[in-house]
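>
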Amino acid sequence: MINPDLNLNLKWESGDKSSTRAGFGDALTQLGKTNSQVVVVTADLKDSTKVNKFADTYPDRFFDVGVAEQNMMGVSGGLAAAGLIPFCSSYAMFSPGRNWEQLRNTVCYSNLNVKIASTHAGLSVGPDGATHQALEDITLTRSIPNLMVISPTDYHQAYRATIAAARHKGPVYLRLSRENSYAITTSSTPFELNQPQLLRFGNKATIVASGLMVGEALKAAEEIDAEVINLHTIKPLDITTINQSVTKTGKLIIIEEHQRAGGVGSAIFEAYVQAGLTLPPTKHLAVSDQFGQSGTPDELLEAYGLTWTHIVTAFESFA
Amino acid sequence: MSDLPQIANNLRQLVVKMITQAGSGHPGGSLGLADIFATLYFSDLFNLDPNKPNDPNRDRIIVSNGHVCPVWYAALAAKGYFPEPELETLRQFNSRLQGHPHKDFSHPENNLPGVENTAGPLGQGMSFAAGLALGFKTQKLPIKTICFTGDGELNEGQSWEALMFVSKYKLSNLTYIIDRNDIQIDGFTHDVMPLNSLKEKLNAFDFLTIEIDGHNFQSIQSALTHNSTKPKAIIAQTIPGKGVSFMENKFEWHGKAPTPEQLKVALKELA
Ligand SMILES: [Mg+2]
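One line per chain: the protein sequences are X and D, in this order.
Okay, so the first sequence: first residue is 181 according to our numbering, each after it adds one.
Okay, so the second sequence: first residue is 22 according to our numbering, each after it adds one.
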């Protein structure tokens, strides 16, 4: 049963899809209107990271550094030190991929108020191939002190997360997708950073997902009577909501569009150990130490084991 | 103004003392830049008030070649930003004088007063300074940004990304001071990675480039005050280890602490 308190879109499976990057871009344009301190920096990816509307509306607060992600991160740090709230946008492969050390030392070690918005995370980038499919960015970001890591599931949630990120003082990483996702949340769905959302009630297992994987989790949950938790805030990680659900269902399934090493699964396992809790029987669906390749998002998610049917199979394999 | 040489000499003494005490650190560039640091902090050319280290309108001195922080710390202490005895804590556990400079913008109360940026990994302060200057220009704030960088630092690709960017946005409120001492860790810069005609390179990036003797106070001041509608780059020819004969022009002293015996000799020469 879908959680009635969250004003979710009950027709999500048949409704129009949209992308988290579009939600980010629209929220940014809104922020431009309401907050004169918000500025945007991009590295020659204005259109595909969806900052073009902001650029057209507020040209004096938009800066294109060219294909230079290391400089983009440093410039963003300087803009923050001058009292502004910079959002810097690129693809996750290049930011934090290319500029990880600038993110760590210039921005996070200095605790600067920079928002790192990175689209094209995960396999669902599709035909561009493995060079552009960031499967390591959660590991890279959640290991840096002071940095908050957010992975919204759909357009509306990305919109809300962007507004919340601007309000939060300190560095924030926004993990966004190129591909459209199901519109599961609505503009009236509550959103709080750090607060995982229990989207669906169930009894037989708890599925934890974020980003595009939330739709897969909800589909599988219909089949297997599972609870679904949307872990939009990966760091800091709130283990209480997950553990409460697992205490009831007895089984945990984690699915993520990311390498197995160091991502959402790792974060949850670490949190269990840290809290002195015992992990229930668990299945972890992730990319298994492989690179991606060209293909449609559907083909890739199928080939790498990241669809709702894989969740069902994983559930059936519990001893 | 006339006592700048004396102030610079005092900074040099503080530098060799604190690095010896710490047992590690970078004397070469620190000694080479003492004359320019003395000019920046003691000649009233800039809006810098040790009693108001967080004044939003202060000019910003950024050090991108963070390993020369001993001379930065020495200048700040000598100017009165914090008490001089704290210099003895350089590189020690729990000290505000980190081995490479650190500033926490969310917790200003923990910072060493006067330090304006985190630095050490080369190239990063150059982008940071560019962002600062752009931020001030965007907000129409008449604040100047001065950024130190090294010649070895210009090996970093990020340095040139920053230079292109500064040129694109015509950040005439920004001045880079390049410590052209021809040394870096592995040897002479002309051997490790030659920069050759650096002035021509910077001019090609549309900077106003001024080459000076980094130990001539008059040249330093006139380069700093030279009006420019373009971003400015000052190539300061300096002698690494300047003032301590056994360190001068020796790349081995880029990042090595003197022994207590060597300190005695150094202090005698700097007296
Ligand atoms: Mg050098």
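In this text, a Cβ means the ideal position worked out from N, Cα and C, and glycines have one as well.
These numbers were taken from a predicted model, which means no experiment stands behind them.
Using the beta-carbon of each residue, which ones in chain D are nearer than 9 Å to Asp240/X?
As a working mapping, residue 240/X is identified with position 60 in the first sequence. Simply Thr159.
> Please classify Gly395/X: does DSSP put it in a helix, a strand, or coil?
Position 215 of the first sequence, counting from 1, holds the residue named residue 395/X. The answer is helix: DSSP assigns Gly395/X an H, G or I state.
> Which value, in whole angstroms, describes the spacing of the CA atoms of Thr427/X and Val329/X?
For the purposes of this step, residue 427/X is taken as residue 247 along the first sequence, with counting starting at 1. For the purposes of this step, residue 329/X is taken as residue 149 along the first sequence, with counting starting at 1. Near 26 Å, if we compare the C-alpha coordinates of Val329/X and Thr427/X.
> Are the Cβ atoms of Glu105/D and Ala98/D separated by less than 8 Å?
For the purposes of this step, residue 105/D is taken as the residue at position 84 of the second sequence. For the purposes of this step, residue 98/D is taken as the residue at position 77 of the second sequence. For Glu105/D and Ala98/D, yes; Cβs fall inside 8 Å.
> What ranges does the beta strand (DSSP E) occupy inside the stretch 218-286 of chain D, keeping only unbroken runs of at least 3 residues that lie completely in it?
Correct list: 229-234, 253-258.
> Alpha carbon to alpha carbon, what distance is there between Pro215/D and Ile83/D?
Within the second sequence, the letter at position 62 stands for residue 83/D. Within the second sequence, the letter at position 194 stands for residue 215/D. Between Ile83/D and Pro215/D, the C-alpha separation is close to 25 Å.
> Determine the burial state of Trp435/X: buried for a count of at least 16 other Cβ atoms within 10 Å of its Cβ, exposed for fewer.
One-based indexing of the first sequence puts residue 435/X at position 255. Looking at the sequence provided, one finds Ile at residue 435/X rather than Trp. Flag for Ile435/X reads buried.
> Determine whether the Cβ of Gly257/X lies closer than 8 Å to any Cβ atom of chain D.
Residue mapping note: residue 257/X aligns to position 77 of the first sequence, counting from 1. It does: the Cβ of Gly257/X has a partner Cβ on chain D nearer than 8 Å.
> Out of Asp212/D, Asn75/D, Tyr62/D, which one is the CA nearest neighbour of Ile28/D?
Here residue 28/D corresponds to residue number 7 of the second sequence, with the count starting at 1. Selected option, being the one with the closest Cα: Tyr62/D.
> Met252/X lies in the alpha helix (DSSP H); which residues open and close that run?
Start at 1 with the first residue of the first sequence, and residue 252/X comes out as number 72. Note, Met252/X: alpha helix (DSSP H), 249-261.
> Please state if the CB of Leu465/X and the CB of Ala494/X are separated by a distance shorter than 8 Å.
Position 314 of the first sequence, counting from 1, holds the residue named residue 494/X. Position 285 of the first sequence, counting from 1, holds the residue named residue 465/X. In contact: Ala494/X and Leu465/X (Cβ atoms closer than 8 Å).
> With DSSP run on the structure shown, which of helix, strand or coil describes Met185/D?
Translated into the one-based positions of the second sequence, residue 185/D becomes position 164. Of the three classes helix, strand and coil, the one that applies to Met185/D here is helix, per DSSP.
> For Pro129/D, count the other beta carbons within 10 Å of its own beta carbon; 16 or more makes it buried, fewer makes it exposed. Which is it?
The residue given as residue 129/D occupies position 108 in the second sequence. Answer is exposed; the Cβ neighbour count stays below 16.
> Is the shortest distance between the beta-carbon of Ala344/X and the beta-carbons of chain D less than 8 Å?
Within the first sequence, numbered from 1, the residue matching residue 344/X stands at position 164. Cβ-Cβ to chain D under 8 Å: no for Ala344/X.
> Nearest to Lys295/X by alpha carbon, out of Tyr335/X, Gly258/X, Gly475/X, Asp227/X?
The residue labelled residue 295/X in the question sits at position 115 within the first sequence. Checking every option, the nearest Cα to that of Lys295/X belongs to Gly258/X.
> Assuming Leu143/D and Glu177/D make a contact with CB atoms under 8 Å, what is their CB distance in whole Å?
Here the question's residue 143/D lines up with position 122 in the second sequence. Here the question's residue 177/D lines up with position 156 in the second sequence. The Cβ separation is near 5 Å, so the contact holds.
> Would you mind telling me which residues of chain C sit closer than 8 Å to Thr139/D, beta carbon to beta carbon, in chain order?
Structure shown: chain C not included; protein chains present are X and D.
> Take the Cβ of Ala499/X as the centre, count every other Cβ of all protein chains shown within 10 Å, and call the residue buried at 16 or more, exposed below.
Residue mapping note: residue 499/X aligns to position 319 of the first sequence, counting from 1. Flag for Ala499/X reads exposed.
> Taking only three categories from DSSP, how would you classify Arg81/D?
Counting from one through the second sequence, the residue named residue 81/D turns up at place 60. Strand at Arg81/D.
> So that I know if they touch, is there some Cβ in chain D lying closer than 8 Å to that of Leu264/X?
The residue you call residue 264/X lines up with position 84 of the first sequence. Closer than 8 Å: yes.
> Return the Cβ separation of Ala260/X and Leu208/X in integer angstroms, given the expectation that the two are a contact with Cβ distance under 8 Å.
The residue you call residue 260/X lines up with position 80 of the first sequence. The residue you call residue 208/X lines up with position 28 of the first sequence. Wrong, their Cβ atoms sit about 16 Å apart, outside the cutoff.
> Judging by CA-CA distance, which residue of Leu356/X, Tyr362/X, Glu437/X is the nearest neighbour of Ser269/X?
Along the first sequence, read from residue 1 onward, the residue named residue 269/X stands at position 89. Closest by alpha carbon: Leu356/X.
> Counting Cβ pairs closer than 8 Å, one from the stretch 29-36 of chain D and one from the stretch 320-338 of chain X, do we hit at least three?
The answer is no - the stretch 320-338 of chain X does not touch the stretch 29-36 of chain D, with fewer than three Cβ pairs under 8 Å.
> Going along chain D in order, which residues have a C-beta closer than 8 Å to the C-beta of Lys213/X?
Looking up residue 213/X in the first sequence gives position 33. Simply none; closest approach about 17 Å.
> For Gly212/X, does the count of other Cβ atoms within 10 angstroms reach 16, so buried, or fall short, so exposed?
What you label residue 212/X is simply residue 32 of the first sequence in a count that begins at 1. The residue in question, Gly212/X, is buried, as its Cβ has 16 or more Cβ neighbours within 10 Å.
> Mapping DSSP to helix, strand and coil, what is Ala406/X?
On the first sequence, residue 406/X is found 226 positions in, with the first residue counted as 1. In the structure shown, Ala406/X sits in a strand (DSSP, three-state: E or B).
> So does the stretch 356-375 of chain X actually touch the stretch 385-396 of chain X, counting three or more Cβ pairs closer than 8 Å?
The stretch 356-375 of chain X, when compared against the stretch 385-396 of chain X, does touch it at the 8 Å Cβ threshold.
> Excluding the 5 residues flanking Asp308/X on each side, which residues of the same chain have their C-beta closer than 8 Å to its C-beta?
The sequence position of residue 308/X within the first sequence is 128, counting from 1. So the qualifying residues of the chain are His300, Ser474.
> Would you say His47/D lies against chain X (beta-carbon separation less than 8 Å)?
For this step, residue 47/D is matched to residue 26 along the second sequence. Output row for His47/D: interface = no.
> Got a sec, what are the start and stop residues for the alpha helix (DSSP H) Phe58/D sits in?
The residue labelled residue 58/D in the question sits at position 37 within the second sequence. Segment 55-63, the alpha helix (DSSP H) holding Phe58/D.
> May I ask you to check if the CB of Gly171/D is nearer than 7 Å to at least one heavy atom of ligand 1?
As a first step, residue 171/D is located in the second sequence; it is residue number 150 there, counting from the start. Correct: Gly171/D has its Cβ closer than 7 Å to ligand 1.
> Closer than 7 Å: is that where the CB of Gly50/D sits relative to any heavy atom of ligand 1?
In the second sequence, the residue the question calls residue 50/D occupies position 29. True, at least one ligand heavy atom lies under 7 Å from that Cβ.
> Under 7 Å: does the beta carbon of Asn202/D sit that close to some heavy atom of ligand 1?
Indexing the second sequence from 1 puts residue 202/D at position 181. Yes, the beta carbon of Asn202/D sits closer than 7 Å to at least one heavy atom of ligand 1.
> Of the choices Ala338/X, Ala248/X, Val231/X, Gln424/X, whose alpha-carbon is the least far from that of Ser198/X?
Walking along the first sequence from the start, residue 198/X turns up at place 18. That would be Ala338/X, whose Cα lies nearest to the Cα of Ser198/X.
> Quick one: Cα of Leu587/X to Cα of Ser194/X, how far?
Residue 587/X lies beyond the residue range present for chain X, which begins at 181 and ends at 499; the question has no answer from this structure.
> So, for Ala202/X: in the same chain, excluding its five sequence neighbours on each side, which residues have a beta-carbon less than 7 Å away from its beta-carbon?
Numbered from its first residue, the first sequence carries residue 202/X at position 22. Contacts found: Lys230, Tyr335.
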